[in-house]
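In terms of our numbering, the sequence shown has 502 at position 502, counting the first letter as 1, and numbering is strictly consecutive. Input: a single structure, listed below in structure tokens.
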Amino acid sequence: MKDSKDLALDKKNIDIILVLDFGSQYTQLIARRVRELDVFSEILPWDISTEKIRNLNPNGIILSGGPDSVTSANTPRIPEVIFELDIPILGICYGMQTLAEQFGGQVTASSSKEFGHATINLEKTSVLFDGFSSGSSIDVWMSHGDQVSTLPDEFNLVASTSSAPIAAMEHVERPIFALQFHPEVTHTKQGNTVIENFVLKVCNCNPAWKMDNLIEQRILDVKQMVGNQKVLLGLSGGVDSSVTAMLLDRAIGKNLICIFVDNGLLRKNEAEDVERLFKDTMDLNLLVIDAKKIFHRHLKGISDSEMKRKIIGRTFIDVFDNEAEKLKDEINFLAQGTIYPDVIESSESESKEARVIKSHHNVGGLPDDMNMDLVEPLRDLFKDEVRKMGAELGLPIEMLNRHPFPGPGLGVRILGEITPEKVKILQEADAIFIAELIKANLYDQVSQAFCVFLPVKSVGVVGDERRYADVIAIRAVETVDFMTAAWAKLPYEFLAHVSNRIVNEIEDVSRVVYDISSKPPATIEWE
Ligand code: XMP
Numbered sequence: 001m002k003d004s005k006d007l008a009l010d011k012k013n014i015d016i017i018l019v020l021d022f023g024s025q026y027t028q029l030i031a032r033r034v035r036e037l038d039v040f041s042e043i044l045p046w047d048i049s050t051e052k053i054r055n056l057n058p059n060g061i062i063l064s065g066g067p068d069s070v071t072s073a074n075t076p077r078i079p080e081v082i083f084e085l086d087i088p089i090l091g092i093c094y095g096m097q098t099l100a101e102q103f104g105g106q107v108t109a110s111s112s113k114e115f116g117h118a119t120i121n122l123e124k125t126s127v128l129f130d131g132f133s134s135g136s137s138i139d140v141w142m143s144h145g146d147q148v149s150t151l152p153d154e155f156n157l158v159a160s161t162s163s164a165p166i167a168a169m170e171h172v173e174r175p176i177f178a179l180q181f182h183p184e185v186t187h188t189k190q191g192n193t194v195i196e197n198f199v200l201k202v203c204n205c206n207p208a209w210k211m212d213n214l215i216e217q218r219i220l221d222v223k224q225m226v227g228n229q230k231v232l233l234g235l236s237g238g239v240d241s242s243v244t245a246m247l248l249d250r251a252i253g254k255n256l257i258c259i260f261v262d263n264g265l266l267r268k269n270e271a272e273d274v275e276r277l278f279k280d281t282m283d284l285n286l287l288v289i290d291a292k293k294i295f296h297r298h299l300k301g302i303s304d305s306e307m308k309r310k311i312i313g314r315t316f317i318d319v320f321d322n323e324a325e326k327l328k329d330e331i332n333f334l335a336q337g338t339i340y341p342d343v344i345e346s347s348e349s350e351s352k353e354a355r356v357i358k359s360h361h362n363v364g365g366l367p368d369d370m371n372m373d374l375v376e377p378l379r380d381l382f383k384d385e386v387r388k389m390g391a392e393l394g395l396p397i398e399m400l401n402r403h404p405f406p407g408p409g410l411g412v413r414i415l416g417e418i419t420p421e422k423v424k425i426l427q428e429a430d431a432i433f434i435a436e437l438i439k440a441n442l443y444d445q446v447s448q449a450f451c452v453f454l455p456v457k458s459v460g461v462v463g464d465e466r467r468y469a470d471v472i473a474i475r476a477v478e479t480v481d482f483m484t485a486a487w488a489k490l491p492y493e494f495l496a497h498v499s500n501r502i503v504n505e506i507e508d509v510s511r512v513v514y515d516i517s518s519k520p521p522a523t524i525e526w527e
């Protein structure tokens with residue numbers, strides 16, 4: 001595949017805040033807070049090239065916190081180019097410390113880490129604290145080991161706490177500010193005001209990064225990039241690829257060719273629903289590839305979970321490539337629904353920055369002889385921004401708010417060997433569970449819910465007869481980030497009703513169990 005061009009904003013027309021990442025767990029939050037002010041912000045690693053920073057031409061820079069200590073050698077420092085640009089700078093936590101050190105101040109390691117709430121006292125008026133009167137105090141969130149112990153020569157003290165005498169400082173004449181606390185976290189009450197003051201009053205950014213402008217702008221960008229040529233998109237029915245499809249459809253209409261692969265491991269009626277929505281209702285150029293038999297043939301006799309994942313992934317690539325190959329003479333671009341967290345995760349630092357094909361993953365690699373550029377119109381958007389865009393583009397609400405569904409689909413929810421019969425049973429059970437969650441207004445209260453087909457038979461009585469039949473587990477979790485999760489405390493009456501429906505309506509199932517394990521130590525999926 002050819003090197004991809006970046007399809008991002010036409011950055012000439014918008015104001016940008018660069019967030020330089022020193023490795024803080026809160027870096028993404030900083031960018032979110034800036035975008036909530038309708039100003040675009042981009043995160044780049046602290047060791048990004050000078051050229052990239054210059055090309056971005058930001059209106060202001062925020063230096064994030066980070067886990068290192070400036071008192072150790074070989075820890076990150078602010079690149080000189082930042083100072084040469086002569087634009088406003090705001091250092092947060094580690095960003096403050098390295099700023100102080102680079103301007104000749106002193107940073108010392110404190111014996112204990114300060115972590116949690118603190119109160120800062122404003123010692124001096126500052127545009128950064130516009131709206132707060134001098135002498136007032138503000139509740140803030142601290143998370144640091146080191147602190148600035150001696151102000152650099154050209155800086156004034158702005159605020160202090162009892163344990164951090166230099167909690168905020170500013171340059172005597174240049175627009176350079178630094179904070180020991182974290183204004184980006186919600187625990188810092190009024191932290192948003194501080195960020196707003198920096199972005200709108202110090203950097204003078206124009207808050208013009210609005211969703212409707214953004215959609216129009218992206219459509220123009222795509223038209224400009226693609227012209228009259230054709231674009232191929234692997235549509236999974238998930239939010240990211242669906243929003244990408246709708247945006248590209250608005251931009252290039254029938255020159256977008258979407259491929260949806262039915263791998264035989266989808267939810268009940270999913271392929272039909274996707275076809276109805278995108279092809280019949282929205283009139284997209286969509287090819288639905290019925291590859292159920294190929295997947296089931298490749299999966300026959302396989303019970304190991306990692307093997308199953310690999311086979312499903314590889315078969316997907318084969319099927320997709322096979323279709324793409326047929327179209328290769330007419331297609332010039334490959335579109336992907338890559339979103340900002342995918343990009344950040346794959347580029348911790350400049351050296352590791354790689355354009356990785358989104359891999360959990362619907363589109364794998366394409367044959368080498370296919371010369372395509374990548375089109376990734378959502379590449380710089382957060383998930384909630386993608387949802388907002390989808391809503392504006394008219395993607396139905398139930399698709400926008402749908403729980404995540406793993407790439408290998410029901411393949412990781414059928415423990416042991418996968419057969420079409422088991423898929424059918426699981427689809428029916430899952431459809432009952434989800435329909436009941438929606439009916440009881442519980443669907444949006446849990447983050448992910450599904451059924452699992454267990455590899456055991458258990459005894460049951462039907463009429464006078466004892467018989468061994470299948471067991472279905474139901475799982476529902478609450479989580480923010482899917483890294484940790486709590487099992488959902490669904491009402492007993494609700495669980496009883498779901499269980500009754502499953503055993504009564506699905507002949508092969510005689511028993512339903514509810515998974516009461518949280519993550520960790522359990523994972524969300526069973527395989
Ligand atoms: P676990 O089971 O690791 O799941 O707690 C965390 C989240 O990731 C999803 N998941 C996957 N998604 N391919 C995917 O695309 C996979 O192989 C896969 N395994 C787990 C899972 O559904 C949950 O949202």
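Each residue gets a CB set at the ideal place from its N, CA and C atoms; glycine is no exception. All of these numbers come straight from a predicted model, not from anything done at the bench.
Between residue 419 and residue 455, what straight-line distance do the alpha-carbon atoms span, to the nearest angstrom?
-> 12 Å
Among the residues of its own chain, which have a CB less than 6 Å from the CB of residue 219, if the five just before and after it don't count?
-> 250 and 251
Reference residue 501, options 428, 339 and 53, closest by Cα | 428
Entirely enclosed beta strand (DSSP E) segments - the region 130-216, minimum 3 residues | 137-150, 155-160, 168-171 and 176-179
What are the residues that DSSP puts in a beta bridge with residue 91?
-> 63 and 178
Look at the Cβ atom of residue 98, then the Cβ atom of residue 81, and state whether they are nearer than 8 Å.
-> no
What's the C-alpha gap between residue 338 and residue 513?
-> 37 Å
Can you tell me the Cβ-Cβ gap for residue 118 and residue 140, rounded? I've got them flagged as a contact below 8 Å.
-> 6 Å
Quick one: using the 10 Å Cβ neighbour count with 16 as the cut-off for buried, is residue 272 buried or exposed?
-> exposed
Does the Cβ-Cβ distance between residue 311 and residue 302 come in under 8 Å?
-> yes
Taking three-plus beta-carbon pairs below 8 Å as touching, is the region 59-75 in contact with the region 126-140?
-> no
How long is the line joining the alpha carbons of residue 18 and residue 426, rounded to whole angstroms?
-> 47 Å
Consult DSSP for residue 106 and reduce its assignment to one of helix, strand or coil.
-> strand
Is residue 333 near residue 423, with beta carbons less than 8 Å apart?
-> no
Rounded straight-line distance, which links the Cα of residue 167 to that of residue 125 = 14 Å
Keeping to the same chain, check which residues put their C-beta closer than 8 Å to that of residue 361; ignore five residues upstream and five downstream.
-> Here the model assigns residue 361 a pLDDT of 38, short of 50, so the residue's position is not dependable and the matter cannot be decided.
Could you pull out every residue in the same chain whose Cβ sits closer than 6 Å to the Cβ of residue 388, ignoring the five residues on either side in sequence?
-> 211
Sequence-distant residues of the same chain with beta carbon closer than 8 Å to residue 520, five excluded per side = 484
Measure the C-alpha to C-alpha separation of residue 76 and residue 522 and round it to an integer number of angstroms.
-> 37 Å
Just curious, the beta strand (DSSP E) that residue 420 is in, first and last residue?
-> Per DSSP, residue 420 belongs to no beta strand (DSSP E); it is in the alpha helix (DSSP H), 420-439.
Is the region 33-40 in contact with the region 164-181, if contact means three or more CB pairs nearer than 8 Å?
-> no
Using alpha carbons as the reference points, say which of 507, 49, 306 and 291 lies closest to residue 264.
-> 291
In chain order, which continuous runs of the alpha helix (DSSP H) of length 4 or greater are located wholly inside the region 283-346?
-> 292-299, 305-327 and 340-345
Could you tell me if residue 104 is buried or exposed, where buried requires 16 or more neighbouring beta carbons within 10 angstroms of its beta carbon?
-> exposed
Between residue 350 and residue 504, what straight-line distance do the alpha-carbon atoms span, to the nearest angstrom?
-> Any answer about residue 350 is weak, because its pLDDT of 39 lies below 50 and its placement is not dependable; what the coordinates show is given next. Near 57 Å, if we compare the C-alpha coordinates of residue 504 and residue 350.
Quick one: grab the DSSP three-state call for residue 274.
-> helix
Option in 47, 51, 68 and 40 with minimal Cα separation from residue 60 = 40
Run through DSSP, which three-state label would residue 470 get?
-> strand
Sorry if obvious, but does the Cβ on residue 523 come closer than 7 Å to a heavy atom of ligand 1?
-> yes
Distance, residue 393 Cα to residue 143 Cα | 40 Å
In terms of DSSP beta bridges, what is residue 117 paired with?
-> 141
Excluding the 5 residues preceding and the 5 following residue 56 in the sequence, name in chain order all residues of the same chain whose CB lies nearer than 8 Å to its CB.
-> 11, 16, 18, 42 and 44
For the alpha helix (DSSP H) containing residue 492, list its first residue and its last residue.
-> 492-505
Given that a residue counts as buried once 16 or more other Cβ atoms are within 10 Å of its Cβ, and exposed if not, what is residue 372?
-> buried
Take residue 462 and list the residues in its own chain whose beta-carbon comes closer than 8 Å to its own, dropping the five residues that flank it on each side.
-> 510
Which word fits residue 115, buried or exposed, when buried means at least 16 other C-beta atoms lie within 10 angstroms of its C-beta?
-> exposed
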